[in-house]
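What follows is a single structure, written as structure tokens, with notes after it.
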Amino acid sequence: MDDDDDVARVYTRAFERAGVTVQRARNGSEAVAMIHSGTPLRAAVVDLVLPGIGGMEVVKAIRAAHPACRIVAVTGLAEPAMEAPLRAAGADAFLVKPVELDVILKAIGLSG
């Protein structure tokens, strides 16, 4: 998930080429609704700076509803102090933008 349309389109195409069904939320509120829709999530890429509900809260909601989901938090804010709280919230990986697409694919368990 990324609130930047261009970035989201690039991610979506790459994930679909890797055989992944993609659901996209444009903000934190849409993400939380999607999380609770009943569709199982195997992996999630969450931008931390989102309109509405922030990425940290989205990560917590995903972890609570989908314990086995692989969660990758992505941000343009290169603050190392963010990693520990993100991991405590349930993120499996923390990446700082710009991130090469193959790095994201590997972080969610797909070959790049």
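For what it's worth, our numbering labels the leading residue of the sequence shown as 6, then goes sequentially.
We put the CB at the ideal spot given by N, CA and C, even for glycine.
Around the Cβ of E35, a 10 Å sphere holds 16 or more other Cβ atoms; the residue is buried. Relative to D52, the option among A112, V108, V101 and E105 whose CA is nearest is V101.
Distance from the CA of K65 to the CA of V12, rounded to the nearest whole angstrom, comes to 23 Å. DSSP places A89 in the uninterrupted alpha helix (DSSP H) bounded by E88 to A94. Assignment of T17 by DSSP, reduced to helix, strand and coil, places it in the helix class. Comparing alpha carbon positions, the residue from H41, G43, L46 and A78 closest to D97 is A78.
For A89 and P103, the gap between their C-alpha atoms comes out near 20 Å. With distances taken between CA atoms, R75 lies nearest to A94 out of A94, L82 and V15. In the DSSP assignment, R75 falls outside any alpha helix (DSSP H) and lies within the beta strand (DSSP E) extending over R75 to T80. Per DSSP, L115 lies in no alpha helix (DSSP H) segment and is marked neither H nor E.
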